[in-house]
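Here the sequence shown is numbered in the numbering used here, starting from -6 and rising by one per residue.
Note that beta-carbon positions come from the ideal geometry of N, C-alpha and C, so glycine has one too.
Worksheet: one structure, shown below.
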Amino acid sequence: MNAHQLSAPPHPVADPRTPGTLKSGVILIVVAALSGIGALVVILSGGKEMLRPVLDEILKRELAGTGVGAGDLGGALVEAALADAYGTLAARGYIFTFVGVIFLLLAAFIWGRRNWARITFSIFSLIGLGLWLLDLADDGPGILKALDGVALVATLVAIVLIWLGPSNRAVRARKEAR
């Protein structure tokens, strides 16, 4: 063997294996994104009628003790409230879809070990977390609350996983290999 064969390579070689923390974090980001996109699908497919039981429950709760029943309000008022609630819910669904698409794009770059994508995801996830918390605290259909809960937990765990030691080392190794 000559001295050239024993010397270190001129550039550090990045480990081609993606650590489990980064893989799991990216999978959870995709789960959160799909939950956000799924919310819009549920909203659009369920329409106003999926809100009717929720609105009936709110009216019962708010009108309790007043001697006025939901039937006394008139159909036009209930339909107006239903249309307003659906408009709000649909707007949230479109925002969740926007957040979901951004999450999917960032997940691809995080998988490629791009540090800027981890930072951007961590900052941008604050928007998603705030919206999902708002939706969980608000009155709404159970299926949407379930999707919000999944997205919220997946995002929180993903943030932790993409910043753990093995993930940091993988990103650093990619950066040094350039």
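Close-in-space but distant-in-sequence residues of the same chain around residue i (CB under 6 Å, 5 per side omitted)
| i | result |
| --- | --- |
| ARG106 | ALA163, VAL164 and ARG167 |
| VAL143 | SER28 |
| SER115 | ILE152 |
Where the alpha helix (DSSP H) through residue i begins and ends
| i | result |
| --- | --- |
| ASP141 | 135 to 155 |
| ALA26 | 13 to 39 |
| LEU52 | 45 to 56 |
| ARG10 | Unbroken run through ARG10: none, as it is neither H nor E. |
Sub-9 Å separation of residue i and residue j beta-carbons
| i | j | result |
| --- | --- | --- |
| TYR87 | LEU44 | no |
| ILE30 | GLY123 | no |
| GLY18 | ILE152 | yes |
| ILE36 | ALA147 | no |
| LEU157 | LEU145 | no |
| ALA26 | LEU127 | no |
| ALA74 | LEU33 | no |
| LEU140 | PHE117 | no |
| ASP132 | GLU42 | no |
| THR14 | ILE155 | yes |
Continuous alpha helix (DSSP H) assignments of at least 4 residues falling wholly in the region 61 to 131: 68 to 104 and 108 to 130
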